[in-house]
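Counting from 1 along the sequence shown, just add 27 to a position and that's the residue number in the numbering used here.
Inspection log for the structure reproduced underneath, given as structure tokens.
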Amino acid sequence: MHSKTLSLRTAAICLILCLYNLCSTYPVFAQQASRTVTGKVLDENKQPMPGVAILIVGTTSGGTTDFDGNFTLSVPAGNNELQFSFIGYETVKMPIPANNNIWLQMKPQTMTLDDVVVIGYGTSRKGDLTGAVANVSSKDFNEGMISSPEQLINGKIAGVQIMSNSGSPTAGSTIRIRGGASLNASNDPLIVLDGVPLEIGGISGNNSNFLSLINPNDIESMTVLKDASSTAIYGSRASNGVIIITTKKGADSKLKISFNTTNSLQVRTQTADMLSRGEFINIVNSNGTDAQKALLGTANTDWNDEIYNVAFGTDNNLSFSGKLKNIPYRVSLGYYNQDGILRTDNAERITGNISVSPGFFNNYLKFNVNIKGSLNKNRFANGGAIWAASTYNPTLPVHSGNDAFGGYTEAIDNTGTPVTRGVRNPLGLLRQYKSTSDIKRVIGNADVDYKLHFLPELKFHATVGYDYAEGKGKIYVPEEAAEYATTGGRDFTYGPQINTNRLLTTYLNYNKTFGEFTVDATAGYDYQAWKSSSEKYSELNVAGIEQKSIAASDQRHVLLSYYGRLNLTYDTRYMLTATIRRDGTSRFNKDNRWGTFPSLALAWRISEESFLENWETLSNLKLRGSYGVTGQQDGIGNYNYLPVYTGSQSGAEYQFGNAFYPTYRPEAYASDLKWETTTAWNAGIDFGFFNNRLSGSVDFYTRKTKDLLATVPSPAGTNFDKTILTNVGNVDSHGLEFGLNVTPIDTKNITWDMSFNATWQRMKIQNLSLVKGTAITNTSVGPTIDSYYFQVLSESYEPYMFYLYHQLYDEKGKPIEGAYADLNDDGEINSDDLYRYKSPSPDWILGFSTSLRYKKWNLGMSFRANIGNYVYNGMAMNTGAWNTMSYNDYQLNNLSSSYLKTGFRERQFLSDYYVENASFLKMDNITLTYNFGKIWNCFNLNASAMVQNVFTVTNYSGVDPEVPNGMDSSFYPRPRIFSLGLGLDF
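So this is what it looks like as structure tokens:
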């Protein structure tokens, strides 16, 4: 759509103004009579357009508009026409009027096939792409309070699923491209930031959200590589797709100052469906013992009201961009602070970004230096308060009226000690728990590009990158807190953990056109080394007595790579892309260290054929096909192939006299560990009609992953553990993706854009056995509740299906406690009657967004839907039985409202009754923006009102149908966010 090209506006200003400065040093038509032509150029919102290129038709001379969109040209006699062009807008030719004054409003164009898309180790024209590649520019990003970069493209791209792990501002997201390709190894995509591949994983104090250390406001575009032909250039790190993040750079124009601020209020939406105070009292009085009835209080406490609050957030960004002499630059500062709706939860981030891009020798030699820094301060709320607020006795007051336990009402036994297995005061859990962290991160890269003067078609490129992160934290719980009353509280510091990532990339690129043939060839070398180290520390109580010791750690690994890519294009119709990469990793032994990953892709632009030249409504029609192999070695340990000893558990000590010495035990290892490889095929079609006002793509893919890096039961006596990480088995997956972009209305005053994407995908385990011909079912996978596993890995089935008993019901449809189907008809109910039931993975993933512009107003909305995903409602199971009301003689616990339907006495852990259809429709965002234009002839102003997480339509009875792993045991609700934003450009 046209908005995708608008993101190139800054780049266009850089190029055009640079050319203008060069051209303006020469006298033009000095010997001819001339006339002066003046004018003003505006965009579709009637705002000034700086940097518009103006050409005097019939000459090579011209100029550009200034910051206010004005221009003045000296036009030679006999030249009566001007041409106006700007990337992202339709080129306009118009005659010079008699009064020599022009007023022009330019019109955005749809995304053209000539637009440049960032790909691995270079760029490509959109029309020349042979693989499944999607690009989202800053103009199309999601808006609102955005805490982490991946949220910018949520719901925007077919085949890409992004799910926030909770409603906390400190939480990260689960990102899946085409569902992932592995079981135990990482399924996270490779993230490449300005040419630097980032390490997957967190750091002390921020383990779940490493991307949050990057300011979303500094990002210009995000490109997603999905199929093997586009990802194979990254070899062993690309089995799960690649996301390339390109940050904003300096503009080749006058100084531009931009400031934007977004301020928000967050409110809670849904909480666990528990008994009301009245229902709770009635059930205790009806079914409870006299001792239980005596535990009822007289207070009326809504514990959710106590732990949740309205949370304030602010996000402020200031940037300076322009050109200092011949050096384009951009400097930005950002400040983000967001409270969580759960009291005491907070995330704070300060960021800075410097980018300079000087060019020399007519840009034969170019440098690009980027330095990004961030300081993050988090305070983590005690997540146990969410469970406690759901189950704590609603008839008890918050405060006890005395000083015990900090004044909070707590359940105590007859000795005055907090009861064993008791639920603690929810507000006390929050107020008396202080967990803070500090994270510093610096990511820098320096690029050099040199076109050889004697052979300008040949370019040398080198990148030196460095990523440094340091994290540490502190946990304090006073000794009077009931949660740690028996151990004397907690008071200790952990860290610092230091992660470093060093990169050297060098490659040669040759690009030349020979008649109808265009050759684009790249050959390069990468070296990347990671190190993660942390000091030994002890978990102490307030008195300084050690409760637990954490060993020091020093983890390292290295990846060496050689790669090449060849792009051939003939007559803009026929395209071929071939890549090969050879990776060597330190995570495998020397015999298995190297892997080779090739790919091949072909494309045919049918719309350029002569037999379709008279089809005027057809703008683009291209067939694509690709094959490729990628590898996997992320998500596993650095030394799994080596015999490593580790400290034994507490108590496993050897006594010499009166002294006890810790012992070490060997870890399980597989000396022949090797690459997990994924072979993928992709077939696709790109289409466009009516000058691409209707455009889209359809892709079908299939993948086969072999030599899975999976943790499986090890044969008895073969290793030091009952399970082992090794290469075992195969997984197949396939899917269908569809994307559509439409501009139904495109007039001077009204523009309406719509986009829709749909994804269908399936994965099946083919083999999991270490012994050929032996079927394997691994039931020890996924999250647990009280040591129960609920999911399974089984051959010939989808991974992580629920593995449960089939619940039986009476004639009224009420579940019968303890009654399950005897599926194998052996007359008894045991583990042989467990069956595979439903999957947490959706059948369909849908996304829809629309933008309607009327003059200076713009209304945007985005929706997402999942169809066919199921969730195990562990919260209802774990609190939905009578015996969960009391685990001791001193405390009553609230029950799930599901108890009113089931009447269960005991928890039914493995009943399929608790597996619910969690299909949903969500309205993620609605934004209304008004562009005020120029204020006091000084600055441009726009204002926005936004709502995020607007509504959810679902039949799921829990807090949120979108739950990681499909297991809902106690979920931090995602908040509804109301925001106001202002943007100023000077």
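We put the beta carbon where it would ideally sit given N, CA and C, even for glycine.
Between the options, which lies nearest to residue i when the distance is taken from Cα to Cα?
i            : options               : result
residue 1014 : 866, 481, 957 and 894 : Here the chain covers residues 28 to 1013 and nothing more, so residue 1014 does not appear.
residue 212  : 222, 497, 97 and 751  : 751
residue 493  : 506, 272, 472 and 999 : 472
residue 447  : 883, 456 and 437      : 437
residue 546  : 592, 556 and 461      : 592
residue 283  : 818, 351 and 169      : 351
residue 1008 : 129, 172 and 64       : 172
residue 272  : 630, 526, 287 and 250 : 250
residue 369  : 333, 346 and 570      : 333
residue 88   : 821, 100, 643 and 585 : 100
residue 174  : 200, 349 and 183      : 200
residue 227  : 242, 265, 245 and 244 : 265
residue 365  : 292, 302, 77 and 419  : 292
residue 397  : 499, 910 and 382      : 382
residue 570  : 505, 614, 534 and 596 : 505
residue 372  : 202, 832 and 194      : 194
residue 924  : 935, 906, 915 and 934 : 906
residue 666  : 616, 655 and 630      : 616
For residue i, name the three-state secondary structure that DSSP assigns.
i            : result
residue 1011 : strand
residue 264  : helix
residue 640  : coil
residue 912  : helix
residue 51   : With a pLDDT of 37 at residue 51, under the threshold of 50, the modelled position of that residue is not reliable, and the figure given next carries that caveat. It is coil, neither helix nor strand.
residue 311  : helix
residue 275  : coil
residue 466  : strand
residue 860  : helix
residue 979  : strand
residue 237  : helix
Report the rounded CA-to-CA distance for residue i versus residue j, giving the unit in angstroms.
i           : j            : result
residue 259 : residue 510  : 51 Å
residue 684 : residue 568  : 29 Å
residue 189 : residue 605  : 30 Å
residue 530 : residue 559  : 15 Å
residue 488 : residue 503  : 50 Å
residue 938 : residue 928  : 15 Å
residue 464 : residue 231  : 8 Å
residue 539 : residue 484  : 6 Å
residue 661 : residue 169  : 29 Å
residue 805 : residue 739  : 7 Å
residue 962 : residue 1012 : 10 Å
residue 926 : residue 908  : 6 Å
residue 339 : residue 107  : 59 Å
residue 335 : residue 410  : 12 Å
residue 807 : residue 653  : 37 Å
residue 433 : residue 859  : 51 Å
residue 186 : residue 916  : 53 Å
residue 754 : residue 507  : 50 Å
Give me the Cβ distance between residue i and residue j, rounded to the nearest whole Å; I'm assuming they're in contact under 8 Å.
i            : j           : result
residue 628  : residue 158 : 5 Å
residue 657  : residue 970 : Their Cβ separation, rounded to whole angstroms, is 46 Å, which puts residue 657 and residue 970 out of contact at 8 Å.
residue 608  : residue 588 : 6 Å
residue 1003 : residue 294 : 5 Å
residue 757  : residue 788 : 17 Å between Cβ atoms; not a contact.
residue 424  : residue 328 : 6 Å
residue 113  : residue 66  : Actually they are not in contact, since the Cβ atoms of residue 113 and residue 66 sit about 14 Å apart, beyond 8 Å.
Identify, in the order they occur along the chain, each residue of the same chain with its Cβ nearer than 8 Å to the Cβ of residue i, setting aside the five sequence neighbours on each side.
i           : result
residue 647 : 140, 154, 632, 634, 713, 714, 715, 719 and 722
Within the same chain, show all residues whose beta-carbon is closer than 7 Å to that of residue i, passing over the 5 residues directly before and after it, in chain order.
i           : result
residue 670 : 693 and 696
residue 773 : 720
With a CB to CB cut of under 6 Å and the five nearest residues on each side skipped, what residues in its chain are close to residue i?
i           : result
residue 377 : 362 and 402
residue 583 : 558
residue 763 : 727 and 787
residue 455 : 435
residue 520 : 501
So that I know if they touch, is there some Cβ in chain B lying closer than 8 Å to that of residue i?
i           : result
residue 820 : In the structure shown, chain B cannot be found, because there is only a single protein chain.
What do you reckon, is the C-beta of residue i under 7 Å from a heavy atom of the ligand NAD?
i           : result
residue 533 : With respect to small molecules bound, the structure shown includes none, and the ligand NAD cannot be examined in it.
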